[in-house]
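Which chain is which? The protein sequence lines are A and B, in order. The numbering used here numbers the first residue of the first sequence as 17 and each following residue consecutively. The numbering used here numbers the first residue of the second sequence as 17 and each following residue consecutively.
There are 2 protein chains.
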Amino acid sequence: MPRYARPVEAPAEPRWLDDDESQSWLALAGMLVWLPDALDAQLQRDAGLSHFEYQVMAMLSMSPDRTRRMSEVAELANGSLTRLSRAVDRLSKRGWVCRRPDPTDGRYTLAVLTDAGWDKVVQTAPGHVAEVRRLVFDPLTKAQARQLSDIGARIQRAIGPRDGCAPPSSGA
Amino acid sequence: MPRYARPVEAPAEPRWLDDDESQSWLALAGMLVWLPDALDAQLQRDAGLSHFEYQVMAMLSMSPDRTRRMSEVAELANGSLTRLSRAVDRLSKRGWVCRRPDPTDGRYTLAVLTDAGWDKVVQTAPGHVAEVRRLVFDPLTKAQARQLSDIGARIQRAIGPRDGCAPPSSGA
DNA sequence: TGTGCTCACTTGACACTGCAAGCGAAGCTC
DNA sequence: GAGCTTCGCTTGCAGTGTCAAGTGAGCACA
Numbered sequence: 017m018p019r020y021a022r023p024v025e026a027p028a029e030p031r032w033l034d035d036d037e038s039q040s041w042l043a044l045a046g047m048l049v050w051l052p053d054a055l056d057a058q059l060q061r062d063a064g065l066s067h068f069e070y071q072v073m074a075m076l077s078m079s080p081d082r083t084r085r086m087s088e089v090a091e092l093a094n095g096s097l098t099r100l101s102r103a104v105d106r107l108s109k110r111g112w113v114c115r116r117p118d119p120t121d122g123r124y125t126l127a128v129l130t131d132a133g134w135d136k137v138v139q140t141a142p143g144h145v146a147e148v149r150r151l152v153f154d155p156l157t158k159a160q161a162r163q164l165s166d167i168g169a170r171i172q173r174a175i176g177p178r179d180g181c182a183p184p185s186s187g188a
Numbered sequence: 017m018p019r020y021a022r023p024v025e026a027p028a029e030p031r032w033l034d035d036d037e038s039q040s041w042l043a044l045a046g047m048l049v050w051l052p053d054a055l056d057a058q059l060q061r062d063a064g065l066s067h068f069e070y071q072v073m074a075m076l077s078m079s080p081d082r083t084r085r086m087s088e089v090a091e092l093a094n095g096s097l098t099r100l101s102r103a104v105d106r107l108s109k110r111g112w113v114c115r116r117p118d119p120t121d122g123r124y125t126l127a128v129l130t131d132a133g134w135d136k137v138v139q140t141a142p143g144h145v146a147e148v149r150r151l152v153f154d155p156l157t158k159a160q161a162r163q164l165s166d167i168g169a170r171i172q173r174a175i176g177p178r179d180g181c182a183p184p185s186s187g188a
């Protein structure tokens, strides 16, 4: 395991993790690696989509007129604008999303979910939700699920605001 | 937010997430994106290492003779053999790790942490642990930290064994 | 009007990753 | 001990991500 307990020759003297903490961190670190991986795998297998691409389409599917500015989509999907731009390239090629200049301000670009894109989301969502349920909520007690919500919020608050990204508790 | 609540026209009828679950999932998903990012950022900034590279070196620093077979390192660092091979390429170029054929079986390759690599780990560890503490343990109550350990274990168990990777609870 | 700035986005260069094919070393069978 | 298979690792390639530079629309102020 990575060195989280005190090394033999420590230069500074930070507070090393005790046994409980080490174990928690180990469990968290594993989850951090494997859960996104598992969710991506399900979407890739069943829908040919990355989790990020799915999030982009799912988000558009909940927006008025299935339309939203690129920068808003990027923020809501937890991704950079560059990443979104490339994802929209891919989704456009597949006919699920298209771009359109914002008539009210030519600097903005609107991403629009097409009818085919809507169908794709409607068809993909149940399997994805089922996987989230299977991997996250089924194994946990109700109390743990509630705790998880608080734990996630606290950790995100500690990370602090990412430049240009959603403030701590905006659900948007 | 992505569509985890029921869409207007659902084809199948899975169990959609209720409000509590949606909120938990939202918090978890955000954490899943931002925590690895924040940890990587700290290591990159302070040590010029990715989290994965750090894990590789940290793991070697705890191994007998600072040496271990490539395949073992890959497994312990939660990475593929390809990924490890390339990471060791990079770390070798910087003089922190070197490869050596296993004298007992020429098929294996041993990764060895050099003296310079050891120094690098010793120098990097305190800052990294401090960041883990700042982002994870300081914001949580003791009880939450303990819960997190169980939560992580349950979710990893649900994901199941990844091919060739550590079984559920082997600390190895 | 025009010059220059800012803003939202895209694009080019480059880095990292996984898949699958390739490689040499071991082991197995005859 | 020749030939096949298996094993552990590396490598070519394609895909996706970031950073920084580029583009074009709007805005501000002379």
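For every residue, glycine included, the Cβ atom is placed at its ideal position computed from N, Cα and C.
query: If you drop the 5 nearest sequence neighbours on each side, which residues of the same chain put their C-beta closer than 6 Å to that of A63 (chain B)?
result: Counting from one through the second sequence, the residue named residue 63 (chain B) turns up at place 47. Taken in chain order, the residues that qualify are T140.
CA-to-CA distance, G176 (chain A) to R150 (chain B), given in whole angstroms: Here residue 150 (chain B) is taken as the residue at index 134 of the second sequence, counted from 1. Here residue 176 (chain A) is taken as the residue at index 160 of the first sequence, counted from 1. A straight line joining the alpha-carbon of R150 (chain B) with that of G176 (chain A) spans about 11 Å.
message: Counting only Cβ-Cβ distances shorter than 7 Å, please list the residues of the segment 107-132 of chain A near chain B, keeping chain order.
response: Listed by position along the chain: nothing, the set is empty.
- request: Determine the closest residue to S68 (chain B) out of B:A45, B:G95, B:D81, B:A54, with distance taken between C-alpha atoms.
  value: On the second sequence, residue 68 (chain B) is found 52 positions in, with the first residue counted as 1. One point to set straight first is that residue 68 (chain B) is Phe, not Ser, in the sequence displayed. Each of B:A45, B:G95, B:D81, B:A54 was checked against the Cα of F68 (chain B), and the nearest Cα belongs to B:G95.
task: Name the one or two DSSP bridge partners that P117 (chain A) has.
output: For the purposes of this step, residue 117 (chain A) is taken as the residue at position 101 of the first sequence. Residue pairing by DSSP places P117 (chain A) opposite A:T125 in a beta bridge.
- prompt: Does the beta-carbon of G133 (chain A) have 16 or more other beta-carbons within 10 angstroms, so that it is buried, or is it exposed?
  reply: Your numbering for residue 133 (chain A) matches position 117 in the first sequence. Result: buried.
message: Just to make sure I have the definition right: I need the residues of chain B whose C-beta is within less than 9 Å of the C-beta of R85 (chain A). Which are they?
response: The residue given as residue 85 (chain A) occupies position 69 in the first sequence. Going along chain B, no residue has its Cβ under 9 Å from R85 (chain A), so there is no contact; the nearest lies around 16 Å.
field: DSSP state of R170 (chain A) mapped onto helix, strand, coil
entry: Counting from 1 along the first sequence, the entry for residue 170 (chain A) is found at position 154. In this structure, DSSP gives R170 (chain A) a helical state, which the three-state scheme calls helix.
field: Within chain A, partners of D62 (chain B) - CB distance below 8 Å
entry: If you number the second sequence from 1, residue 62 (chain B) lands on position 46. Ordered by position in chain A, no residue passes the 8 Å Cβ test against D62 (chain B), which lies about 12 Å from the chain.
- prompt: Can you name the start and end residues of the beta strand (DSSP E) that R110 (chain B) belongs to?
  reply: Position 94 of the second sequence, counted from the start, is the residue given in the question as residue 110 (chain B). Segment: none, R110 (chain B) is in no beta strand (DSSP E) and carries neither H nor E.
query: Of all Cβ atoms in chain B, is any one closer than 7 Å to the Cβ of A57 (chain A)?
result: What you label residue 57 (chain A) is simply residue 41 of the first sequence in a count that begins at 1. Answer no: the Cβ-Cβ gap between A57 (chain A) and chain B never drops below 7 Å.
task: Can you tell me which of A:R99, A:R85, A:V152 puts its alpha carbon nearest to the alpha carbon of A169 (chain B)?
output: As a first step, residue 169 (chain B) is located in the second sequence; it is residue number 153 there, counting from the start. Checked all of A:R99, A:R85, A:V152; the closest Cα to A169 (chain B) is A:V152.
field: Validate contact between the segment 98-106 of chain B and the segment 44-64 of chain B using beta carbons, cut 8 Å, 3 pairs
entry: Contact check between the segment 98-106 of chain B and the segment 44-64 of chain B: fewer than three CB pairs, one atom from each, fall below 8 Å, which does not count as touching.
query: Which whole-angstrom value is the C-beta distance of V113 (chain B) and L59 (chain B), which I expect to be below 8 Å?
result: Residue mapping note: residue 113 (chain B) aligns to position 97 of the second sequence, counting from 1. Residue mapping note: residue 59 (chain B) aligns to position 43 of the second sequence, counting from 1. 16 Å between Cβ atoms; not a contact.
- prompt: What's the call for K109 (chain B), buried or exposed, on a 16-neighbour Cβ count within 10 Å?
  reply: The sequence position of residue 109 (chain B) within the second sequence is 93, counting from 1. The Cβ neighbour count for K109 (chain B), taken over all protein chains shown within 10 Å, is under 16; the residue is labelled exposed.
Continuous alpha helix (DSSP H) stretch holding R61 (chain B): start and end: For the purposes of this step, residue 61 (chain B) is identified with residue 45 of the second sequence, where counting begins at 1. Where R61 (chain B) is concerned, the enclosing alpha helix (DSSP H) starts and stops at 35-63.
message: Per the DSSP calculation, T83 (chain B) is bridged to which residue(s)?
response: For this step, residue 83 (chain B) is matched to residue 67 along the second sequence. Answer is B:V128, bridged to T83 (chain B).
Nearest-angstrom Cα separation, counted from E88 (chain A) out to M78 (chain A): Indexing the first sequence from 1 puts residue 78 (chain A) at position 62. Indexing the first sequence from 1 puts residue 88 (chain A) at position 72. Between the C-alpha atoms of M78 (chain A) and E88 (chain A) there is a straight-line separation of about 13 Å.
8 Å contact criterion, which L33 (chain B) and V145 (chain A) should meet: CB distance rounded: Residue 33 (chain B) sits at position 17 when you count from the first residue of the second sequence. Residue 145 (chain A) sits at position 129 when you count from the first residue of the first sequence. 6 Å between Cβ atoms; contact.
task: Could you confirm whether any beta carbon from chain A is found closer than 7 Å to the beta carbon of E91 (chain B)?
output: As a working note, residue 91 (chain B) is residue 75 in the second sequence. Not closer than 7 Å to any Cβ of chain A, the Cβ of E91 (chain B) fails to qualify, so no.
message: As a quick exercise: from B:P142, B:L126, B:A161, pick the residue whose alpha carbon is nearest that of M86 (chain B).
response: Taking the first residue of the second sequence as position 1, residue 86 (chain B) is located at position 70. The shortest C-alpha separation from M86 (chain B) is found at B:L126.
message: Could you check whether the Cβ of G180 (chain A) sits closer than 7 Å to any Cβ belonging to chain B?
response: Taking the first residue of the first sequence as position 1, residue 180 (chain A) is located at position 164. Residue placement at G180 (chain A) is flagged as unreliable, the pLDDT there being 41, under the threshold of 50; a coordinate-derived value is accordingly withheld.
- request: Closer than 8 Å, Cβ to Cβ, to anything on chain B: give me those residues from the segment 33-49 of chain A, in chain order.
  value: Flagged, chain order: L33, D36, E37, Q39, S40, W41, L42, A43, L44, A45, G46, M47, L48, V49.
message: To the nearest angstrom, how far is the alpha carbon of R102 (chain B) from that of A90 (chain B)?
response: Looking up residue 102 (chain B) in the second sequence gives position 86. Looking up residue 90 (chain B) in the second sequence gives position 74. Note on geometry: alpha-carbon atoms of R102 (chain B) and A90 (chain B) lie some 11 Å from one another.
- prompt: I203 (chain A) to E37 (chain B), Cα distance in whole Å?
  reply: Look at the range of chain A in this structure, 17 to 188, and you will see that residue 203 (chain A) is not part of it.
task: Using alpha carbons as the reference points, say which of A:R123, A:V128, A:T120 lies closest to V104 (chain A).
output: Mapped onto the first sequence, residue 104 (chain A) falls at position 88. Closest in C-alpha terms to V104 (chain A), from the list A:R123, A:V128, A:T120, comes A:V128.
query: Just the Cα atoms here: how many angstroms apart are W50 (chain A) and T120 (chain A)?
result: Taking the first residue of the first sequence as position 1, residue 50 (chain A) is located at position 34. Taking the first residue of the first sequence as position 1, residue 120 (chain A) is located at position 104. When rounded, the distance between both Cα atoms is 43 Å.
message: Given a cut-off of 7 Å on the beta-carbon distance, is the pair Q39 (chain B) and S165 (chain A) in contact?
response: In the second sequence, counting from the first residue as 1, residue 39 (chain B) sits at position 23. In the first sequence, counting from the first residue as 1, residue 165 (chain A) sits at position 149. Their beta carbons are under 7 Å apart, which means Q39 (chain B) touches S165 (chain A) by this criterion.
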